[in-house]
Each structure stands twice: as structure tokens, then as C-alpha cells.
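Visitor:
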Amino acid sequence: MKKIAVFASGNGSNFQVIAEQFPVEFVFSDHRDAYVLERAKALGVAAYAFELKEFDDKAAYERAIVALLEQHEVDLVVLAGYMKIVADTLLARYEGRMINIHPAYLPEFPGAHGIEDAWHAGVDQSGVTVHWVDSGVDSGQIIRQERVPILENDTLESFEERIHAMEYKLYPEVIRELLSHL
Ligand code: GRF
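Heads up, the sequence shown is in the numbering used here, so the first residue is 209 and it goes up one at a time.
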């Protein structure tokens with residue numbers, strides 16, 4: 209059985225959808241008070257949380273993450289709302305085995321506000337992208353992406369909901385596919 213770990217910084221709705229469909233070895237959060245930790249508890253998924261500021265530097269922080277991944281023999285690292293840029297220490301060990309989901313159609317609207325940026329740009333479609341993680345921001349090789357239209361009567365909230373609905377469909381599909389090839 210291949211093992212996955214999910215990294216999330218906040219709400220964790222993507223984590224929840226994933227954990228309802230796959231055994232998740234553990235969830236990691238870089239915020240000790242993230243709501244995702246409550247979701248993990250309710251679902252009976254092991255959870256770890258520590259914060260960058262508790263370490264001397266990012267390399268030390270990432271060494272602690274790598275130790276967890278190695279201890280649990282994780283095969284696939286699934287970033288789902290993990291709001292930190294992945295640096296050398298983690299990449300050196302897990303590049304090619306780490307994926308991310310972005311709530312826009314990359315390379316359109318990278319960065320932390322993909323949904324709002326598309327909305328305010330006045331485009332008539334955006335989308336969702338799953339990609340491999342590299343050292344850039346939302347720049348890794350694209351695995352799959354789907355368009356999400358912005359409809360005539362959309363509000364930012366209704367558009368956002370449809371983006372998330374697409375994430376909840378797409379991410380499990382990609383994970384299933386990747387696990388079958390690992
Ligand atoms: C998602 O929209 C994801 O694409 C982005 O951050 C959001 C996380 O939401 N990277 P949640 O924590 O899974 O609810």
C-alpha cells in the first residue's frame with residue numbers, strides 16, 4: 209500500500225476530501241492552530257504541527273519534516289493549501305514525489321490569491337491545476353488542469369465555490385492515478 213501525507217496550513221477542506229477517499233498516513237500543518245488539525249482528529253488521521261519560527265532556519269524546519277516523512281515511509285507528498293514555499297532540503301529528498309493543487313489555470317494567476325486575481329482580472333474562465341512541486345511558486349510541471357468558467361451571475365463567492373468543487377473532484381482523481389503508477 210502506497211503511503212500519502214497531506215500538508216495544509218489552514219482550513220483543510222481538500223485534506224478532508226482526500227482523507228475520505230484514501231488512507232492518509234498523516235497530515236502536517238505549519239500552524240499549530242490550523243482547522244485542518246481538527247478535521248484530522250475527527251477523521252482519526254495522525255497529525256503533526258510545528259512552525260517555522262520554532263526552528264533556527266528553514267533548512268532545520270524542513271529537516272524535521274523530512275524526518276517525519278522518512279519515519280512514516282511516505283511515497284507521495286500532497287500539498288493542499290500548504291502556504292510555504294518548498295525549499296532545498298525538502299525538494300532534495302521529495303522532488304518528483306510531491307504535488308500541489310492551485311486554484312487557477314496555471315501559468316495564469318500563480319501565487320497566494322489565484323481565485324481573487326482571476327476574478328478581479330475580469331476573465332471569463334479560470335480553472336484548477338495539479339502540478340509537481342519545484343523550487344518556484346506554482347511553477348512545476350503540470351499534471352492535470354481543468355477549466356472553470358466565470359458565469360454571468362457569479363459572485364466571487366459562487367465562483368470560489370465552483371473552483372473548490374473542481375478541486376475536490378480533480379485532486380482525488382490525480383492522486384488515484386499517481387498511486388497506481390508509483
Ligand atoms: C485551495 O484552494 C488550494 O487550491 C489552495 O489553497 C486552498 C486550500 O483550501 N492552494 P483548503 O485548506 O483545502 O480548504
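For every residue, glycine included, the Cβ atom is placed at its ideal position computed from N, Cα and C.
Please report the distance separating the alpha-carbon of Val232 from that of Lys249.
Guide: Distance between the alpha carbons of Val232 and Lys249: 12 Å.
Visitor: Can you give me the Cβ contacts of Phe258 inside the same chain, cut-off strictly under 6 Å, excluding the 5 residues immediately before and after it?
Guide: Taken in chain order, the list of residues that qualify is empty.
Visitor: Name the DSSP beta bridge partners of His310, please?
Guide: Bridge partners of His310: Thr337.
Visitor: According to DSSP, is Ser388 part of a helix, a strand, or is it coil?
Guide: Helix, per DSSP.
Visitor: Between which two residues does the beta strand (DSSP E) harbouring Tyr256 extend?
Guide: Here the beta strand (DSSP E) through Tyr256 covers 255-257.
Visitor: Select from Gln353, Arg305, Gly330, Ala216 the residue whose C-alpha is nearest the C-alpha of Met291.
Guide: It is Ala216 whose Cα lies nearest to the Cα of Met291.
Visitor: When burial is assigned at 16 or more other CB atoms within 10 Å of the CB, is Asp238 buried or exposed?
Guide: When all chains shown are included, Asp238 counts as buried.
Visitor: Let me check understanding here. Comparing Cα to Cα, which of Lys211, His328, Val341 lies closest to Gln279?
Guide: Of Lys211, His328, Val341, the residue nearest in Cα terms is Lys211.
Visitor: If you follow the beta strand (DSSP E) that Leu359 is part of, which residue opens it and which one closes it?
Guide: No beta strand (DSSP E) holds Leu359; DSSP gives it neither H nor E.
Visitor: In chain order, what residues of the same chain have a beta carbon less than 8 Å from the beta carbon of Leu260, not counting five sequence neighbours either side?
Guide: Cβ within range, chain order: Asp238, Lys266, Tyr269, Lys292.
Visitor: Enumerate, from N- to C-terminal direction, the unbroken beta strand (DSSP E) stretches of 3 or more residues contained entirely within the segment 212-273.
Guide: If we require 3 residues or more, the beta strand (DSSP E) runs fully inside the segment 212-273 come out as 212-215, 232-237, 255-257.
Visitor: Alpha carbon to alpha carbon, what distance is there between Leu245 and Val214?
Guide: Whole-angstrom Cα-Cα distance: 11 Å.
Visitor: Compute the Euclidean distance between the alpha carbons of Ala255 and Ile309, then round it to the nearest angstrom.
Guide: When rounded, the distance between both Cα atoms is 20 Å.
Visitor: Asp332: buried (16+ other C-beta within 10 angstroms of its C-beta) or exposed?
Guide: Asp332 should be labelled exposed.
Visitor: Do you know whose CA, among Leu387, Arg370, Ala295, lies nearest Glu354's CA?
Guide: Ranking Leu387, Arg370, Ala295 by Cα distance to Glu354 puts Arg370 first.
Visitor: If you follow the beta strand (DSSP E) that Val190 is part of, which residue opens it and which one closes it?
Guide: In the structure as shown, the chain begins at 209 and stops at 390. Residue 190 is therefore absent and cannot be evaluated.
Visitor: So, helix, strand or coil for Val382, using DSSP?
Guide: Helix at Val382.
Visitor: Run through DSSP, which three-state label would Arg370 get?
Guide: The answer is helix: DSSP assigns Arg370 an H, G or I state.
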